[in-house]
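Student: Dropping a structure here in structure tokens format, bear with me for questions.
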Amino acid sequence: MGGPVAVVVALTGCGGTSTSESASPPPVVSGAQFAPISPAAPATAKTVKGTLDTADGRTRTYHLYVPTTIQAGTSGAKVPLLVALHGGVGSGTQFEDNSGFDGLAQANTFIVAYPDGIGAAGTDALRTWNGGNCCGPAVKSNVDDVAFISALVDRLEREYSIDTARVFAAGHSNGGIMAYRLACELSSKIVAIGVQSSALGVAPCAPPHPVSLLHIHGTNDRNLPLTGGVGERGISGVDFPPAIEGVRALSTANNCPAEPRVSPLPGNPDVTEALWAPCRGDSAVDFLIVNGASHAWMGHTGVAPALVGTPYSWLDSSATIWSFLTAHPRQ
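When you read off a place in the sequence shown, starting at 1, and then add 1, the result is the number in this note's numbering.
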């Protein structure tokens with residue numbers, strides 16, 4: 002395979018018509034890069050809203066889900082932390098509802114923080130992240146979201162017994178673009194990221210510490226196209242790079258093999274996996290291309306289908322991302 006676009010074209014050309022209407026895959030994907038996890042349980046704890054004053058003079062907000070099995074304080078058993086980043090014009094509570102990470106946290110004993118991006122025109126609406134090339138008010142105001150997330154991680158590590166080898170980020174769309182930026186610029190704290198429907202928004206991306214990556218992307222994403230460009234349904238107006246460029250950047254930074262192993266994902270003929278492994282520090286870079294899937298968060302109730310499409314039903318992005326992240330602590 003030659004350049005980045007050639008890789009994407011070759012991979013997306015592997016699929017035919019989506020089989021998602023007639024076949025159901027396992028609840029969580031299997032493979033060497035995925036750890037067994039428990040299915041989501043009822044989220045019985047109460048989400049708490051917090052505020053944090055940042056160095057740029059802003060008061061930022063976040064929402065925290067701590068399972069009932071985890072107590073406040075730093076004396077207990079160390080647990081993972083997931084920073085879950087909403088998409089553009091979404092919010093922390095919207096992504097909490099849409100992703101179902103709370104139920105996974107309850108079943109698998111980890112803490113989830115849902116930070117809020119910056120709202121438009123001084124309001125709490127239409128929130129965005131400064132992922133570099135996207136999106137909206139956060140980019141226009143050059144908001145330092147990396148510093149915000151860094152300060153949030155520091156606070157939670159002071160308040161809870163967080164395992165610093167298992168501090169992860171996940172994101173959708175603009176939130177995934179932000180997660181990529183964290184991987185590039187905050188690798189001292191962020192160990193691995195999982196994103197859906199995203200792209201790399203900063204250059205260069207040369208993290209001093211290896212950061213594992215799982216990138217999930219649908220071939221029918223009309224908001225942030227798999228092969229790049231301005232999405233016909235997108236509202237940001239950004240000319241996005243091909244998704245493969247972010248994948249390649251981290252595979253290079255992690256000293257992965259030059260080319261991936263490409264194969265169908267076991268149990269789901271809609272999904273093609275391109276895997277770069279083994280990489281520096283036992284990290285990995287995994288790219289799942291889902292034939293026929295839209296921009297909507299996969300495996301969960303859709304939000305604004307007229308804008309992002311109908312969610313693909315036969316892969317659960319939240320469970321798949323957690324399965325990957327928990328398999329890749331920092332060594």
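The beta-carbon is built from N, C-alpha and C at its ideal position, and this holds for glycine as well.
Please state whether DSSP places P306 in a helix, a strand or coil.
Tutor: Residue 306 sits at position 305 when you count from the first residue of the sequence shown. In the structure shown, P306 sits in a helix (DSSP, three-state: H, G or I).
Student: Output the boundary residues of the alpha helix (DSSP H) element that contains D283.
Tutor: Numbered from 1 along the sequence shown, position 282 holds the residue referred to as residue 283. Segment: none, D283 is in no alpha helix (DSSP H) and carries neither H nor E.
Student: May I ask you to report which of helix, strand or coil DSSP gives Q95?
Tutor: Along the sequence shown, read from residue 1 onward, the residue named residue 95 stands at position 94. In this structure, Q95 counts as helix in the three-state DSSP scheme.
Student: So what's E274 in DSSP terms, helix, strand or just coil?
Tutor: Start at 1 with the first residue of the sequence shown, and residue 274 comes out as number 273. Three-state DSSP puts E274 in a strand.
Student: Measuring CB to CB, does A207 end up less than 7 Å from I194?
Tutor: Translated into the one-based positions of the sequence shown, residue 207 becomes position 206. Translated into the one-based positions of the sequence shown, residue 194 becomes position 193. Their beta carbons are not under 7 Å apart, which means A207 does not touch I194 by this criterion.
Student: In terms of residues, what are the limits of the alpha helix (DSSP H) holding G177?
Tutor: On the sequence shown, position 176 is the one that residue 177 refers to. Start and end: 175 to 186.
Student: Given this structure, state the Cα-to-Cα distance separating H216 from P68, to the nearest angstrom.
Tutor: Looking up residue 216 in the sequence shown gives position 215. Looking up residue 68 in the sequence shown gives position 67. Rounded to the nearest angstrom, the two C-alpha atoms are 27 Å apart.
Student: Tell me the residue span of the alpha helix (DSSP H) that contains K141.
Tutor: Walking along the sequence shown from the start, residue 141 turns up at place 140. Note, K141: alpha helix (DSSP H), 137 to 141.
Student: Which of the three DSSP states, helix, strand or coil, is assigned to R262?
Tutor: Indexing the sequence shown from 1 puts residue 262 at position 261. It is a strand residue.
Student: What does a CB cutoff of less than 6 Å around T321 pick up in its chain, not counting 5 residues either side in sequence?
Tutor: Translated into positions along the sequence shown, residue 321 becomes position 320. Hits under 6 Å: V30.
Student: Kindly identify the DSSP beta-bridge partner or partners of V196.
Tutor: As a position in the sequence shown, residue 196 is number 195, starting the count at 1. In DSSP, V196 forms a bridge with G172, H216.
Student: With a threshold of 16 other CB atoms inside 10 Å of the CB of G101, please say whether the residue is buried or exposed.
Tutor: Counting from 1 along the sequence shown, the entry for residue 101 is found at position 100. It is buried - the Cβ of G101 has at least 16 other Cβ atoms within 10 Å.
Student: Which runs of the alpha helix (DSSP H), 4 residues or longer, sit entirely within the region 68 to 130?
Tutor: Complete alpha helix (DSSP H) runs here, min 4: 93 to 100, 102 to 109.
Student: In the structure shown, what three-state DSSP assignment does T55 receive?
Tutor: Mapped onto the sequence shown, residue 55 falls at position 54. Of the three classes helix, strand and coil, the one that applies to T55 here is coil, per DSSP.
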